Amino acid sequence: MNEMQHNELVFTKSVLGRNIKQQVFFSLFRGAAGINALALLIVVYFLVKNGWTAISWDFLTEAPRDSMTKGGILPCIVGTAYLSIGALAISMPLGIGSAVYLNEYARQGLIVRLIRFAINNLAGVPSVVFGLFGLAFFVTWMNLEVSILSGALTLGFLSLPVVIGASEEALRAVPDTYREASLGLGSTKWQTISRVVLPAAFPSMITGGILSLSRAAGETAAIMFTAAVYFNKQLPDSIFDPVMALPYHIYVLATAGTNIEQTRHLQYGTALVLIALVLGMNLLAIVYRARLRRKV
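Its first residue numbered 47, the sequence shown is counted upward by one per residue in our numbering.
In structure tokens:
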């Protein structure tokens with residue numbers, strides 16, 4: 047075997063080895079995605095199977111009654127929507143502003159690395175810690191009391207790391223040629239960021255908003271100290287009123303209800319409505335993101 051044939055054989059073995067590795071890793075990735083999808087389907091099937099009997103027009107439009115063993119969950123739905131939208135309204139401007147500063151203005155160095163390290167650590171803080179922080183700072187020190195505003199502020203700060211991370215990634219994905227072309231035409235740095243970079247990155251930033259919206263809607267520990275109450279059949283009149291919320295209502299029915307077994311179907315029905323509400327808000331955000339991408 048001459049040297050050329052030997053080199054071709056080595057090259058062929060190398061290509062085959064890479065292809066086999068690629069197929070193995072692709073199979074692992076497909077398996078991981080399949081397991082996640084299967085887990086989601088099992089959870090949804092379990093909730094639908096056990097909770098569909100509770101779903102009715104009265105269940106969705108009435109307040110709880112008879113020690114929450116009957117009636118509906120309308121105050122919980124409204125409260126969860128208020129808290130989620132309020133958290134999004136707080137986390138998105140602060141998160142995008144922080145990402146713009148870190149990516150576009152701050153001089154990259156030790157301080158910026160420490161800030162990013164702190165943000166990453168903040169993402170791993172348990173939600174109950176945010177709840178205690180909200181209780182001490184917003185409810186007690188700022189005297190906002192247990193209210194929608196206190197809960198939305200707490201959930202907004204809880205969601206900030208997700209929004210900042212997604213916004214930074216979106217800004218990095220904008221080609222530098224966009225910035226250079228805008229600056230070359232005489233635009234200021236702020237004009238370049240506000241009129242070129244942000245419009246190009248904003249559709250991807252919506253991803254962070256979607257993730258933060260989902261997390262805020264499903265949090266229990268963060269709102270049980272700051273916004274949620276055990277029972278309140280009245281809908282809130284202002285942002286300074288306390289509310290019922292779907293995740294806290296599920297917790298109450300499952301652990302502190304007057305008749306836990308009697309309300310078992312209500313627990314599953316409430317969980318099913320919570321998933322549907324989160325899915326609906328996510329779909330609206332996804333549709334809005336798709337429309338923005340078509341305009342860019």
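Idealized CB from N, CA, C, for every residue including glycine.
Keep in mind the model is a prediction, meaning the values are calculated, not measured.
> Distance, Cα to Cα, A212 vs G254?
Replying inline: As a first step, residue 212 must be located in the sequence shown, where it is residue number 166. As a first step, residue 254 must be located in the sequence shown, where it is residue number 208. Cα-Cα distance, rounded: 5 Å.
> If you drop the 5 nearest sequence neighbours on each side, which residues of the same chain put their C-beta closer than 6 Å to that of L93?
Replying inline: Counting from one through the sequence shown, the residue named residue 93 turns up at place 47. Sequence-distant partners of L93 (beyond 5 residues in either direction) whose C-beta falls short of 6 Å from its own C-beta, in its chain, are Y314, A317, L318.
>> My output table needs one value for A331: the three-state DSSP class, helix, strand or coil.
In response: Within the sequence shown, the letter at position 285 stands for residue 331. Helix, per DSSP.
> CB-CB under 8 Å to A182, same chain, minus the five flanking residues each way: which ones, in chain order?
Replying inline: Looking up residue 182 in the sequence shown gives position 136. Nothing meets the Cβ criterion.
> So does the stretch 287–294 actually touch the stretch 269–278, counting three or more Cβ pairs closer than 8 Å?
Replying inline: Flag = yes, the stretch 287–294 and the stretch 269–278 touch.
> How do the stretch 197–206 and the stretch 129–138 stand: do at least 3 beta-carbon pairs fall below 8 Å, yes or no?
Replying inline: The stretch 197–206 vs the stretch 129–138: in contact.
> I think I123 touches L325, with their Cβ atoms under 8 Å apart; what is that distance to the nearest whole Å?
Replying inline: Looking up residue 123 in the sequence shown gives position 77. Looking up residue 325 in the sequence shown gives position 279. Rounded, the Cβ-Cβ distance is 14 Å, inconsistent with contact.
>> Measuring CB atoms only, is the stretch 142–152 touching the stretch 237–244, in the sense that at least three cross pairs come out at less than 8 Å?
In response: Counting Cβ pairs under 8 Å, three or more are found: they touch.
> What residues in its chain sit with their C-beta under 8 Å from that of A263, if we drop five residues either side in the sequence?
Replying inline: On the sequence shown, position 217 is the one that residue 263 refers to. Counting only Cβ-Cβ distances below 8 Å, and skipping sequence neighbours, we find T126, L129, S130, L292, P293, L320, L323, V324, M327.
>> Under DSSP, the alpha helix (DSSP H) around G255 begins and ends at which residues?
In response: To locate residue 255, count along the sequence shown from 1; it is residue 209. Note, G255: alpha helix (DSSP H), 244–264.
> Quick one, are the C-beta atoms of I256 and R340 less than 9 Å apart?
Replying inline: Numbered from 1 along the sequence shown, position 210 holds the residue referred to as residue 256. Numbered from 1 along the sequence shown, position 294 holds the residue referred to as residue 340. No, the Cβ-Cβ distance between I256 and R340 is not below 9 Å.
>> Measuring only the C-alpha atoms, how far is T309 from S113?
In response: Residue numbering aside, residue 309 sits at position 263 when the sequence shown is read from its first letter. Residue numbering aside, residue 113 sits at position 67 when the sequence shown is read from its first letter. When rounded, the distance between both Cα atoms is 10 Å.
> Can you find at least 3 beta carbon pairs, one from the stretch 185–192 and one from the stretch 274–288, that sit closer than 8 Å?
Replying inline: Because the criterion of three Cβ pairs below 8 Å is met, the stretch 185–192 and the stretch 274–288 touch.
> With distances taken from CA atoms, which of S196, N166, N167 is nearest L178?
Replying inline: Counting from one through the sequence shown, the residue named residue 178 turns up at place 132. Nearest Cα to L178 within the set S196, N166, N167: S196.
>> Relative to the C-alpha of L140, which candidate in N82, V175, S205, F105 has its C-alpha closest?
In response: For the purposes of this step, residue 140 is identified with residue 94 of the sequence shown, where counting begins at 1. When only C-alpha atoms are compared, the closest one is S205.
> What did DSSP end up calling A127 once you bin it into helix, strand or coil?
Replying inline: Position 81 of the sequence shown, counting from 1, holds the residue named residue 127. Correct three-state label for A127: helix.
> Just reading off the alpha helix (DSSP H) that L299 is part of, what are its end residues?
Replying inline: The residue labelled residue 299 in the question sits at position 253 within the sequence shown. Run containing L299: 292–301, per the alpha helix (DSSP H) assignment.
> What are the boundary residues of the alpha helix (DSSP H) that V174 is part of?
Replying inline: Position 128 of the sequence shown, counted from the first residue, corresponds to residue 174. Residues 173–180.
> A216 by DSSP, collapsed to three states: which one?
Replying inline: Indexing the sequence shown from 1 puts residue 216 at position 170. Of the three classes helix, strand and coil, the one that applies to A216 here is helix, per DSSP.
> How many Å lie between E226 and S144 at the Cα?
Replying inline: Locating residue 226 in the sequence shown gives position 180, counting from the first residue. Locating residue 144 in the sequence shown gives position 98, counting from the first residue. Using only the alpha carbons, I get a separation of about 22 Å.
> Among A79, G170, G97, which has the Cα closest to the Cα of I296?
Replying inline: Locating residue 296 in the sequence shown gives position 250, where the first residue counts as 1. By alpha-carbon distance to I296, the top candidate from A79, G170, G97 is G97.
> Where do the N-terminal and C-terminal ends of the alpha helix (DSSP H) with M270 fall, by residue?
Replying inline: If you number the sequence shown from 1, residue 270 lands on position 224. Where M270 is concerned, the enclosing alpha helix (DSSP H) stretches over 267–270.
>> With a threshold of 7 Å on Cβ separation, who are the neighbours of L312 within its own chain once the five nearest residues in sequence on each side are excluded?
In response: On the sequence shown, residue 312 is found 266 positions in, with the first residue counted as 1. Once the five neighbours on either side are set aside, the close Cβ partners of L312 are A100, L299.
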